[in-house]
Every structure is written in structure tokens, then in C-alpha cells.
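2 protein chains.
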Amino acid sequence: MTSAPSDAAGRESPWSIAQVADSFGVTHRTVRHYEDLGLIAPERRGTQRLYHRRDRTRLGLILRGKRLGFPLEEIRTIIDLFDAPRGRRTQLEYVLGQVEQRRHDLEQRLRDVQDTIEELGEFEQRCRADLARAALSSTSTGVNA
Amino acid sequence: MTSAPSDAAGRESPWSIAQVADSFGVTHRTVRHYEDLGLIAPERRGTQRLYHRRDRTRLGLILRGKRLGFPLEEIRTIIDLFDAPRGRRTQLEYVLGQVEQRRHDLEQRLRDVQDTIEELGEFEQRCRADLARAALSSTSTGVNA
DNA sequence: CTTTACCTTTACGTAAACGTCAAGTACGCG
DNA sequence: CGCGTACTTGACGTTTACGTAAAGGTAAAG
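Going line by line, the protein sequences match chains A and B.
Just so you know, the working numbering puts the end of the first sequence at 230, numbered straight through with nothing missing.
Just so you know, the working numbering puts the end of the second sequence at 230, numbered straight through with nothing missing.
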């Protein structure tokens, strides 16, 4: 059930680009594109890329951000925010400000999704009603499966 | 408080492209682009476009779909679904199938948004904790505004 | 009748997010 | 050592979603 192979000491061995790409259902080109834009920075053993869990976590965040309709550049600023140093107070206050913005954005999206699901439900009801009527008029059985 | 001007008989007068564009916060180019892709089809008085409430409703759906990260082509199939004839039973069953797909998609997005908001909240807590500690170490006031 | 403010089509430009070769490199294996 | 497989770096192509400029039509105002 472990998704990543690990050695006897429990240290996870890194993944290749093909492995991460496959596991996330994207192409290696996509993964490298995200690296070009600075969204991930896998370790290098010589010329090969090594993806650790941290990288895979970030990739997950990226793809989720994409599903939510955020542009990659914005996604970069967000996940950079998450592991920023945030040492000094000014920095912390800036980060908190950004967080507020993101929250507003996400709450708008939440409303959008909820509204759409609701409307979809109403529409489905109408369809089912129509379907029931159609069944009644096309067959004379009236009530059945 | 009425958003659209109407005559004495209560019939709403149609809007110009500039009016709809402004009211939705997009450019006229955007509105015409959606028309090019077949997402809206305003009435024509001669060469001028006249936007009725139906068009504005659709535009609202389009923009919401965009906020949710759906591509315009997919949005078109969705809103076409909404005012499709759906007369025959085969058609109705097809429509219901499509609705199911949309619902799955939207529920995924709902989870995405909720998870992100939650993680954002946790992150914010950590930041606030850090901020409190920073305040303690930089000032000797301890507890204040 | 000209100006002005909108509106129209046509068409090329562009930024984002990759896809798709091409050509070379590195590694395990027989 | 050669072979195949996977990885690498360019670099150009493509799709989506418009931006933007050119060139002109139209309708009320002065």
C-alpha cells in the first residue's frame, strides 16, 4: 500500500520524472514546464531529476490549483507563500494579507460551485419529471421499473 | 433598483454590447468572442446586436463557468444542454447522463476548494502564532492591541 | 451636412500551457 | 562493448482566449 519505495531504514527513494508524471496522470513535458516556471525544483543527480515527496506534494498542489482555474504564475506565488521563510513581522503581515486575498478568491469559487451544483440539481429534477411524463405517454404501463 | 430599463408595458428594452460588457466587467471583444464560439446569439436589428435578458443570463453562466476553470467549448456544451429541446426519451437520458458527468466534475471541484480553504486556514493559524511570538520577542508589552 | 459616439467586420498579435519532434546523453545488461 | 531504454536539452508548433489596430457603417447632435 506504500506508494513510494523505501529502503530498510525507512528513507524513501526518489522518483523519476516518468514515475511522478504517470502517478499524477500528466506528461513529463508538463512536469518540466512547471519546473521551467519555477513551481518545482527537483534535486539533480548529475543530469537526472530526482523527485522527493516534497516535489510530489507541490505537484499535487499545482494540479489542484489548476483544477480551480488559477493560472500557473499565481499558483507559484501561492505555494511559494507556503514555504516562505516568514521570519520578520513585516513578512508575516504581508503573508497574512496574501492569505486573505486567496481566501476571498476561494470563497467566491466555493459559491460558484455550490450555486452551479444546485442549479444542476434543479435542472435534473425537471428532466426527470419530463422523463416520467414521456414514459407515461409512450407506454400504457403507467407505473413500473 | 431595476437593472434594465423597461417601457410602460413592462417590456425590457434590450442592451447594447457596451452595456452588457460594462455590466459584467468584460470587454466588448470578449462578448463577441463568445458569440464567435456560439455561446451566445444576440438578436440583430440590422447590423447592431441587441442583448436581451436571456443573453445576459447566458453570459453570467459563461463567466461563472470560466471562474470554475472550464474551457469555453465545454461551457458551450453545458449551457446548450440547459436549453436543449430534450423532447424524446433518448435525448432526455443523454442529457441526464451529461448532467451526471458535470456533477462529478463539480463535486471534485467542491472538494478542491474546501480542502484548499481548510489548508489556508491552518496555514493562517501558524502564521498568527508566529506573529504573536515575534511580537513578544520584539516588544516587551506582551499583551496589547 | 459634418461631427461625434458607438457600433461593425476583418485580421493579425499575444500570452499561457503545454505538444511534438530532434538530437544528444547516461545507464543497466547480455 | 554494443544495445536498448529512459532521461536530457533545445526549439518550434498548437490551442485557447482573448487584445488590438485598421477601416468603415450608422444615427443623433450641433
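We put the beta carbon where it would ideally sit given N, CA and C, even for glycine.
List the residues of chain A whose Cβ lies closer than 9 Å to the Cβ of residue i, in chain order.
i: A214/B; result: The premise fails here: A214/B is roughly 10 Å from chain A at the closest Cβ pair, so nothing lies under 9 Å.
Closest to residue i by C-alpha separation, out of the options, would be which residue?
i: E178/A; options: R138/B, F109/B, Q199/B, D215/B; result: D215/B
i: E120/A; options: V198/A, E185/A, I160/A; result: I160/A
i: E185/B; options: Q183/A, Q176/A, R174/A, T201/A; result: T201/A
i: R171/A; options: R213/B, V116/B, L122/B; result: R213/B
i: S243/A; options: R187/A, D140/A, L122/A; result: What is shown of chain A runs 86 to 230, which leaves residue 243/A out entirely.
i: R134/A; options: A217/A, Q104/A, G154/A; result: Q104/A
i: L166/B; options: A220/B, L181/B, A217/B, E207/B; result: L181/B
i: P99/A; options: I164/A, T132/A, E128/A, R196/A; result: E128/A
i: A220/B; options: R174/A, Y136/A, A106/A; result: R174/A
i: I125/B; options: F155/B, T162/B, G154/B; result: T162/B
i: F208/A; options: R196/B, F155/B, A169/B; result: A169/B
i: E97/A; options: G123/A, R114/A, R138/A; result: R138/A
i: R194/B; options: Q176/A, R211/A, F155/A; result: F155/A
i: L144/A; options: G123/A, E204/A, G131/A; result: G123/A
i: E203/A; options: Q176/B, R187/B, G131/B, R130/B; result: R187/B
i: E192/A; options: G131/B, V116/B, R196/B; result: R196/B
i: L157/A; options: T115/A, Q176/A, R218/A, T132/A; result: T115/A
i: L205/A; options: I164/B, A106/B, Y136/B; result: I164/B
i: A106/B; options: D190/B, G131/B, T142/B, R130/B; result: T142/B
i: D190/A; options: H118/A, L153/A, Q176/A, Q210/A; result: L153/A
Just grab the DSSP bridge partners of residue i for me.
i: W133/A; result: Here the sequence assigns Gln to residue 133/A, which means Trp is not the residue at that position. Bridge partners of Q133/A: R130/A.
Can you pull the chain A neighbours of residue i, defined as C-beta to C-beta under 7 Å?
i: G154/B; result: R152, L153, G154
Note down, in chain order, every chain B residue with its Cβ under 9 Å from the Cβ of residue i.
i: R138/A; result: Under the 9 Å cutoff, chain B gives no residues; its nearest Cβ is about 17 Å from R138/A.
i: R149/A; result: D197, D200, T201
Using a Cβ-based criterion (distance less than 7 Å to any ligand heavy atom), does residue i qualify as near the ligand ADP?
i: P156/B; result: The ligand content of the structure shown is nil, which means the ligand ADP is not present either.
Problem - Meets three-Cβ-pair contact criterion under 8 Å: the stretch 107-120 of chain B and the stretch 145-159 of chain B - result: yes
Practice task
Could you list the residues in the stretch 191-210 of chain A with a C-beta less than 9 Å from some C-beta on chain B, going in chain order?
Solution key: L191, E192, Q193, R194, L195, D197, V198, Q199, D200, T201, I202, E204, L205, G206, F208, E209
Exercise for the section: Could you name the residues of the stretch 175-191 of chain B whose beta carbon sits closer than 8 Å to any beta carbon of chain A, in the order they occur along the chain? Expected result: L177, E178, V180, L181, V184, R187, R188, L191
Practice task
Determine which residues of the stretch 95-126 of chain B have a Cβ less than 9 Å from any Cβ of chain A, and write them out in chain order.
Solution key: none
Exercise for the section: Output, in sequence order along the chain, the residues in the stretch 157-171 of chain A whose CB is closer than 7 Å to any CB in chain B. Expected result: F167, R171
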